[in-house]
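> Be aware that the sequence shown starts at 0, since it is given in numbering that gives the first Met the number 0, and climbs by one per residue.
Built from N, CA and C at the ideal position, the CB exists for glycine as well.
All values reported here derive from a predicted model rather than from experimental measurement.
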Amino acid sequence: MILRLTSGAKSLKSTHSASSLIKPHLRNLSGSGTLLDGIIVERDVEQPNSGIYRPGKQPPWHIVVLHSGEPATLTWRFDGRFHQAFFSGGEAIINPAGLFVAPRWSSAVELLLMAIQPRVMNRIAREMGTKKPVELMPRFHFRDALLEQLVQALVTEFEQPELPDRVYADSLAHTLIVHLIKKYSKTRARLQLSRHGLPHRSLSRVVEFIDAHLSDDLSLREIADVTGMSPSHFLSLFKRATGLAPHQYLIGRRIERARTLLIETRLSIADIAVQTGFADQSHLTRMMRRYTGLTPRRLRSM
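(1) How would you label I262, buried or exposed, when you count the other beta carbons within 10 angstroms and need 16 or more for buried?
(2) Under 8 Å by Cβ, that's how I've got V154 and V64 pegged, so tell me the actual separation to the nearest angstrom.
(3) Can you tell me whether S302 is helix, strand or coil according to DSSP?
(4) Measuring straight from C-alpha to C-alpha, what distance separates R288 and F139?
(5) Among the residues of its own chain, which have a CB less than 7 Å from the CB of Y183, if the five just before and after it don't count?
(6) With distances taken from CA atoms, which of M301, E90, L145 and H212 is nearest E308?
(7) Cβ atoms of F86 and P70: under 8 Å apart, would you say?
(8) For a test of the three-state rule: what should DSSP assign to T264, helix, strand or coil?
(9) Given K185, which residues of its chain have a CB within under 7 Å of its CB, disregarding the five upstream and five downstream residues?
(10) Taking its Cβ as the centre, do 16 or more other Cβ atoms sit within 10 Å of M113, making it buried, or is it exposed?
(11) By how many angstroms is the C-alpha of S214 removed from the C-alpha of L34?
(12) I39 bridges to which residues according to DSSP?
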């Protein structure tokens, strides 16, 4: 769908640079780097009064900014006038592509940023049933609990020691963009969903596909394609049918397959981790302990 990890990509800590890819004058602490297609998420620090920075051309990204550090005052220019507001943790800004507001912070601030290429947002809007390009509306100094939760979760996913769970990151990003379209754009798009969840035949195909590809780096779109549905429709209908989000179901099946191999074979734990789609042995150990309370070694010794 949205995320496409490059082949042979290294861990996140080795790929992010000292400068933000979204706003190069910011100092980057963590983020997705170039691992995503059409989306960047970052944790950055902006120094005070650095709003003199201006891109050489209008920015091609929609940008969501979430304040996440010590409170500070922001001054910006919009509609020919200067505005000022005191920001604290969780307060947000939506900056549509092409809008430059000359922001200046009163002190150093930590920010979570998400940049979305318009083509990605327009594609999701089409999947929601609209043919018009998304016209995102600018918003400054506001709170949105769902937006905050999704941005924080997506940034955090790229701060883990292993590569991100693609289906989980896909789901977060997709849900966030749908939320932006529905609440902060002039586009009136709504998903038309069945009341009964995913049809049984489609669910069976998804289960078979996941079981056959547990060792693969699956994406949300690849799984949704099995049903012929868009990721937007698939996300909601799969959860309605199973009670689980796709990434929760996938991790459950991987742990169950690993449990079977640990009990019934003498394969090394490292080999089992690879065969069941985990990054490495330590990743399998962390996830198995989290979901079952047991480590692979402890389970095998029982």
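In short, the structure shows the following:
(1) Sequence index remark: in the sequence shown, residue 262 carries index 263 (1-based). The residue in question, I262, is exposed, as its Cβ has fewer than 16 Cβ neighbours within 10 Å.
(2) On the sequence shown, residue 154 is found 155 positions in, with the first residue counted as 1. On the sequence shown, residue 64 is found 65 positions in, with the first residue counted as 1. With 8 Å as the limit, V154 and V64 do not qualify as a contact, their Cβ atoms being about 12 Å apart.
(3) With the chain represented from 0 up to 301, any question about residue 302 goes unanswered, as that position is not in the structure.
(4) Walking along the sequence shown from the start, residue 288 turns up at place 289. Walking along the sequence shown from the start, residue 139 turns up at place 140. Inter-residue distance for R288 and F139 is about 42 Å (C-alpha atoms, whole angstroms).
(5) Counted from its first residue, the sequence shown places residue 183 at position 184. So the list reads I93, L135, M136 and R138, once near-sequence residues are dropped.
(6) This structure cannot speak to residue 308, because the chain is shown only from 0 to 301.
(7) Here the question's residue 70 lines up with position 71 in the sequence shown. Here the question's residue 86 lines up with position 87 in the sequence shown. Going by C-beta atoms, P70 is nearer than 8 Å to F86.
(8) Locating residue 264 in the sequence shown gives position 265, counting from the first residue. Coil at T264, not helix or strand.
(9) Position 186 of the sequence shown, counted from the start, is the residue given in the question as residue 185. For K185, where only same-chain residues beyond five positions count, the Cβ hits under 7 Å are E134 and M136.
(10) Stepping through the sequence shown from its first residue, residue 113 is reached at position 114. So M113 ends up on the buried side.
(11) Residue mapping note: residue 34 aligns to position 35 of the sequence shown, counting from 1. Residue mapping note: residue 214 aligns to position 215 of the sequence shown, counting from 1. Taking the straight line joining both Cα atoms gives about 20 Å.
(12) As a first step, residue 39 must be located in the sequence shown, where it is residue number 40. Paired residues: A114.
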